[in-house]
Amino acid sequence: MAVRLKNLTLRGFKTIRELSDFQPRPINILLGANGAGKSNFISFFRLMSWMMATPGELQRHVADNRGAHALLYDGPEVTREIEASLTLETEKGENDYSFRLFYAAGDTLLFADERYRFSRTGVPTRVPWRELGAGHREARLIEWAESGDVTARTVLSLLRRCIVHQFHNTSATARVRGKWNLHDSRWLKEDGANLAPFLLRLRDEAAPYYRRIVETLRLILPFFADFELVDTQGSVLLQWRERGSDMVFDVSQASDGMLRTMALVALLGQPEDDLPEVLVLDEPELGLHPYAIEVVAGMLRAASCHAQVLVATQSTAFVDRFDLDDILVVDRPDRESVFRRFSTEEYQEWLDEYAVSELWEKNVLGGRPGR
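Each residue of the sequence shown is one higher than the one before, counting from 481 in my numbering.
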């Protein structure tokens, strides 16, 4: 793994009053009751993604989430700021990014401060922060990166490779069900909107990986033969063929579970070097058959050799494909999310008799309603 999220501190965000010095492992599976804060943890990375996209997207994201009050822990009457610090480690050293967003008029967020730095491996003293000021509405890190600052450009690039994927929206109007620009195919979008051109690019440029995706889908969907991907005046619609038929089926005929399965397998089956540095998924098991969950969990384990994986789930079938060391239980006593890890060694006697999901269901680990 060339890059890893070494450390995260987050305060004042949704149900997360304070999460200090969280150190993610290669695989991090978040378990917890509804409302405990699993998805809130995931949504922080979505906030980061929008904030690092292009100027204007932070305020758009805030507005799309019902305003700043909905992002602050217990609202602005209790919490006035969101504070976050991240350390992304590479072979060359540690890239730090830190910011504070404060509540402002119009139910918006403004930067109270923003800073970044790079500390080279082997140098005992960490370099001073590069301060980017206060009062701005969008991340100035983007400006500094575009102006030619090498460190800012590196930090921005690393942050942009921490990507949340969620394929829940498979409604009739979901973007994945429509045609998509042929040339917008380098990275799979967070909602799978460009799945068709993404697969077409893999077919033409990374054939072994495309075949692996197709063969995996055949295991989960026995009727599936292959995709039928055609450039139609610069756009592509998701289509496929089925065994025993000469018909071509299109995305309007795909069930929700089938479409989510295709997107997940494509995401996890792409070339290892193209995977996000930090791969974040929110309830990937939604709508999937138990066997599909088993296959996807196996692909996630394989992906964790090349990317850091953070997943929120409530599926017992999914949980049992991972070790207890991979599990992070989220509870919400006293209105704030609390994150706890467990070790296989500590619970070995339990694990000799029970699966990880059974320990969760019996409330040995917590993370259950009513705790």
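Note that the Cβ used here is the ideal one computed from N, Cα and C, for glycine as well. The structure displayed is predicted, hence computed values, not measured ones.
Using a Cβ-Cβ cutoff of less than 7 Å, which residues in the same chain neighbour residue i once the five nearest sequence positions on both sides are dropped?
i    : result
A783 : L748, L755, L759, V789
R851 : Confidence in R851 is poor, its pLDDT being 45 and thus under 50, which makes the residue's placement unreliable; the coordinate value appears in the next sentence. Once the five neighbours on either side are set aside, the close Cβ partners of R851 are D811, N843.
E708 : Q719, W720, R721, V728
S732 : R657
G536 : E618
I509 : V791, T793, V799, F802, D806, I807, L808
R698 : F704
I773 : E765, S795, A797, F798
A835 : D800
Apart from the five residues just before and just after residue i, which ones in its own chain have a Cβ nearer than 6 Å to its Cβ?
i    : result
E574 : T567, S599
A686 : P751
I643 : P756
A548 : V542, Y583, D587, T588, L589
T559 : G492, L552, Y553
V635 : N575, Y577, Y596
I562 : G492, F493, L581
R606 : S599
T796 : S837
R820 : V809
D706 : V694, R721
Residue i: buried (16+ other C-beta within 10 angstroms of its C-beta) or exposed?
i    : result
D803 : exposed
M727 : exposed
H663 : exposed
F703 : exposed
S725 : exposed
W840 : buried
R723 : exposed
N661 : exposed
V483 : buried
G672 : buried
E833 : exposed
P608 : exposed
S837 : buried
L499 : buried
A787 : buried
E829 : exposed
P688 : exposed
S665 : buried
P764 : buried
S627 : exposed
Can the beta-carbon of residue i be found closer than 8 Å to that of residue j?
i    : j    : result
F647 : A743 : yes
T793 : L511 : yes
T696 : V775 : yes
V809 : L780 : no
Y583 : P556 : yes
Y771 : I700 : yes
L638 : A746 : no
L680 : A564 : no
W624 : A614 : no
Compare the Cα-Cα distances from residue i to each of the options and report the closest residue.
i    : options                : result
R580 : D587, R595, E571, G586 : R595
D762 : R723, F729, E670, L675 : E670
N649 : I693, W624, G767       : G767
P813 : G672, I496, T631, F729 : I496
L590 : Q539, P688, L668       : Q539
A543 : D587, K572, S565       : D587
R546 : A797, K494, P688       : K494
R526 : R691, F822, R640       : R640
H769 : D753, E826, S735       : S735
K486 : T570, H786, D629, R820 : T570
I507 : C785, A705, E765, I522 : C785
R610 : T601, F822, E765, D593 : D593
F521 : S817, L682, S665       : S817
V603 : H616, A585, K572, L612 : K572
H880 : R691, F524, H616       : A query on residue 880 cannot be resolved here, the shown segment of the chain reaching from 481 to 851 and no further.
Can you give me the Cβ contacts of residue i inside the same chain, cut-off strictly under 8 Å, excluding the 5 residues immediately before and after it?
i    : result
T824 : D803, L804, D805, L831
K659 : A676, T712, S715, V716, L717
H616 : L590, F591, E594
F822 : L804, D805, I807, V809, L845
Counting only C-beta atoms, is residue i closer than 8 Å to chain D at any point?
i    : result
E569 : Reference to chain D is not applicable here, since this structure consists of a single protein chain.
Q | Stretch-stretch touch, CB-based, cutoff 8 Å, three pairs: the segment 730 to 744 with the segment 638 to 658 | A | yes
Q: Evaluate the contact criterion for the segment 525 to 541 versus the segment 502 to 516: three or more CB pairs, one atom per stretch, below 8 Å.
A: no
Q. Between the segment 495 to 503 and the segment 616 to 634, do at least 3 Cβ pairs fall closer than 8 Å?
A. no
Q.
For the segment 674 to 691 against the segment 703 to 718, do three or more pairs of beta-carbon atoms, one drawn from each stretch, fall closer than 8 Å, so that the two count as touching?
A. yes
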